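Residue numbers (the working numbering): 1113 to 1469.
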Ligand SMILES: C[S@@+](CC[C@H](N)C(=O)[O-])C[C@H]1O[C@@H](n2cnc3c(N)ncnc32)[C@H](O)[C@@H]1O
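Structure representation (structure tokens):
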């Protein structure tokens, strides 16, 4: 690392952590983001453009508080990134690590978060798993260049890593649809989990082998979903279905209701169709079981599949009808041997089952 780059890393950490004098402030200063993100992608009118170390704007990008796409799939959809640093800090703060704690991470990605954990806790206490073997190989190399050697493995992180369990802390940096059973089984007594669910991050205390509960952090979080096999949306079939009217406004679904929708349908994906002038004219929603719905801005709905997604949305719109702004920290998750529920207000308030294994 050159001196100007070192200085950028330290200045960035100071800006990010502000008046925060916690141990994470000095850890962010110690672990340079640019080492783990030697290039990233930005969108242009023509698709993705790679910005490499040395290119104009590279250091400004890497030392800005933004998520950076580091890999896209064959269809050009991002499938790995370096998360927004302030969100990483909020999640690490919430993880509340103590000296001697062991940590499991789902989603190694660039290895940057794993490096921060190693710097704080020591290599032997950090395990990180990514579904993408090549990412794991590259992260291992980059971590070793800075002298870190956590346990890294390729595979579905939802299976945890039993060889090194139990863990005092578990963190995921990909969006989950439910709390993986393996996380509970591999938790030490009193473990803390910080996990993205829907468009938020839940902080849960583990209170038994199949029990955990907690609330969402106030921060918005739009992590890429944990990669799983799923059925493609059935838009073509939908065309043959009769449309019915709905009073739920598509604009509301994309805005005020988007967080509750992301919890009630934590595995959903959406897309919008736009007019020539770029304004949306319809919304498509689907879940991995093949349930698909479309709704036009003019209030016509079609749906197909095992779940009637728009019916579920209409129920949510009733629940949140009189509530102007929906705060993430008003929601929580309870896991018991009987299942997993996300709730609003209090544990006995309105709730939705998470589609657990
Ligand atoms: C936002 S990135 C992780 C950022 C990373 N923590 C860092 O500091 O660079 C999300 C990562 O989750 C990984 N991922 C997606 N599904 C996964 C799964 N089922 N198991 C483990 N990792 C997964 C992706 O390959 C991607 O690298």
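The beta carbon of each residue, even a glycine, is placed where N, CA and C say it ideally should be.
Bear in mind the structure is a predicted one, so any value in this text is a computation, not a measurement.
Between residue i and residue j, what straight-line distance do the alpha-carbon atoms span, to the nearest angstrom?
i, j, result
"residue 1422", "residue 1356", "11 Å"
"residue 1211", "residue 1235", "12 Å"
"residue 1320", "residue 1327", "17 Å"
"residue 1469", "residue 1431", "27 Å"
"residue 1492", "residue 1287", "This structure does not reach residue 1492, given that the chain is present from 1113 up to 1469, and the question cannot be answered."
"residue 1292", "residue 1310", "14 Å"
So, helix, strand or coil for residue i, using DSSP?
i, result
"residue 1225", "helix"
"residue 1257", "helix"
"residue 1404", "strand"
"residue 1150", "coil"
"residue 1437", "coil"
"residue 1308", "strand"
"residue 1324", "strand"
"residue 1391", "coil"
"residue 1210", "coil"
"residue 1381", "strand"
"residue 1202", "helix"
"residue 1162", "strand"
"residue 1139", "helix"
"residue 1452", "strand"
"residue 1242", "strand"
Following a CB-centred definition, is residue i positioned closer than 7 Å to any heavy atom of ligand 1?
i, result
"residue 1279", "no"
"residue 1338", "yes"
"residue 1312", "no"
"residue 1286", "yes"
"residue 1242", "yes"
"residue 1218", "yes"
"residue 1247", "yes"
"residue 1213", "no"
"residue 1322", "no"
"residue 1263", "no"
"residue 1191", "yes"
"residue 1194", "yes"
"residue 1344", "no"
"residue 1224", "yes"
"residue 1185", "no"
Measure from the alpha carbon of residue i to the alpha carbon of each residue in the options, then state which is nearest.
i, options, result
"residue 1424", "1439, 1376 and 1241", "1376"
"residue 1346", "1296, 1334, 1340 and 1402", "1402"
"residue 1419", "1396, 1455 and 1404", "1404"
"residue 1471", "1412, 1268 and 1379", "This structure does not reach residue 1471, given that the chain is present from 1113 up to 1469, and the question cannot be answered."
"residue 1125", "1138, 1466 and 1220", "1138"
"residue 1276", "1372, 1241 and 1254", "1241"
"residue 1457", "1372, 1407 and 1136", "1372"
"residue 1398", "1453, 1415 and 1408", "1415"
Counting contacts by CB-CB distance shorter than 8 Å, is residue i in contact with chain D?
i, result
"residue 1420", "This model lacks chain D altogether; it includes just one protein chain."
Using a Cβ distance threshold of 8 Å, determine whether the region 1299-1311 contacts the region 1268-1285, with at least three qualifying pairs required. yes
Any contact of the region 1265-1276 with the region 1202-1222, i.e. 3+ C-beta pairs under 8 Å? yes
Inspect the CB distances between the region 1179-1195 and the region 1147-1166 and report whether three or more fall short of 8 Å. yes
Is it true that the region 1247-1266 meets the region 1221-1233, where meeting means three or more beta-carbon pairs spaced less than 8 Å apart? yes
Measuring CB atoms only, is the region 1424-1444 touching the region 1455-1465, in the sense that at least three cross pairs come out at less than 8 Å? yes
Tell me, please, whether the region 1240-1258 touches the region 1166-1177 by the rule of three or more beta-carbon pairs shorter than 8 Å. no
Per the contact definition of three or more C-beta pairs closer than 8 Å, is the region 1347-1367 in contact with the region 1294-1302? no
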